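Take a look at the structure set out below.
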Ligand code: FEO
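Residue numbers (my numbering): 4 to 170.
As structure tokens, this is what we get:
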């Protein structure tokens with residue numbers, strides 16, 4: 004494996020791990036405030052990010068590189084509102100997308116088409132996750148401070164989850 008690309012993939016492990024910890028923290032925040040639908044959504048997102056991380060670990064090791072499992076900082080847990088929670092979600096996804104785009108750019112620079120091909124799965128995942136984050140944030144902007152709106156948002160996100168899992 005090209006050393007520069009191996010280094011970038013190892014950095015990507017850290018970003019995915021950070022996202023997983025951040026979403027677990029957000030799930031816990033929602034859980035302790037009665038937003039069970041939102042909590043379920045972020046527990047699930049956290050698990051998905053762990054899958055993204057593990058996929059990278061296996062990929063590096065299978066190609067005679069060495070995956071490094073990083074230490075990560077304590078995730079943020081001080082949110083003032085559902086809006087802030089979902090703003091953090093979108094910012095986190097946008098950040099990860101930027102890092103993935105950088106990996107892809109470097110793959111082309113180094114003519115590493117194997118890793119470039121592998122990373123396409125991440126590009127598709129990011130597109131989907133950013134779209135979900137924007138849609139949910141748009142709904143929260145419409146709802147504003149309306150408490151009954153928050154109740155319905157939480158109920159709807161729970162229904163959305165159940166439908167997604169049934170697919
Ligand atoms: Fe794997 Fe959504 O970053």
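For glycine and all other residues, C-beta sits at the position ideal for the given N, C-alpha and C. Here the structure is a predicted model, which means the values were calculated and not measured.
Out of the options, state which residue places its alpha-carbon closest to the alpha-carbon of residue i.
| i | options | result |
| --- | --- | --- |
| residue 45 | 150, 169, 136 | 136 |
| residue 4 | 47, 114, 104, 81 | 114 |
| residue 173 | 96, 105, 54 | Here the chain has residues from 4 to 170 only, and residue 173 is not among them. |
| residue 145 | 165, 85, 132 | 85 |
| residue 72 | 15, 125, 103, 164 | 15 |
What is the DSSP secondary structure of residue i, counted as helix, strand or coil?
| i | result |
| --- | --- |
| residue 20 | helix |
| residue 83 | coil |
| residue 40 | helix |
| residue 4 | coil |
| residue 57 | helix |
| residue 77 | coil |
| residue 31 | helix |
| residue 153 | helix |
| residue 72 | coil |
| residue 119 | helix |
| residue 158 | helix |
| residue 148 | coil |
| residue 137 | helix |
| residue 142 | helix |
| residue 49 | helix |
If you draw a straight line from the alpha carbon of residue i to that of residue j, how long is it in whole angstroms?
| i | j | result |
| --- | --- | --- |
| residue 168 | residue 49 | 15 Å |
| residue 154 | residue 41 | 10 Å |
| residue 120 | residue 139 | 30 Å |
| residue 129 | residue 160 | 19 Å |
| residue 110 | residue 69 | 18 Å |
| residue 83 | residue 26 | 16 Å |
| residue 108 | residue 127 | 16 Å |
| residue 80 | residue 24 | 10 Å |
| residue 11 | residue 123 | 15 Å |
| residue 94 | residue 118 | 25 Å |
| residue 75 | residue 29 | 16 Å |
| residue 54 | residue 148 | 35 Å |
| residue 7 | residue 13 | 10 Å |
| residue 47 | residue 151 | 24 Å |
| residue 77 | residue 102 | 21 Å |
| residue 165 | residue 112 | 42 Å |
At a cut-off of 7 Å, would you count residue i as near the ligand MG, judging by its Cβ distance to the nearest heavy atom?
| i | result |
| --- | --- |
| residue 99 | Absent from the structure shown: the ligand MG. Ligands present: the ligand FEO. |
- Task: Examine the Cβ distances between the stretch 86 to 101 and the stretch 58 to 65 and report whether three or more of them are shorter than 8 Å.
- Result: The stretch 86 to 101, when compared against the stretch 58 to 65, does not touch it at the 8 Å Cβ threshold.
- Query: Are there three or more Cβ pairs, one per stretch, closer than 8 Å when the stretch 13 to 33 is compared with the stretch 53 to 61?
  - Reply: Because the criterion of three Cβ pairs below 8 Å is met, the stretch 13 to 33 and the stretch 53 to 61 touch.
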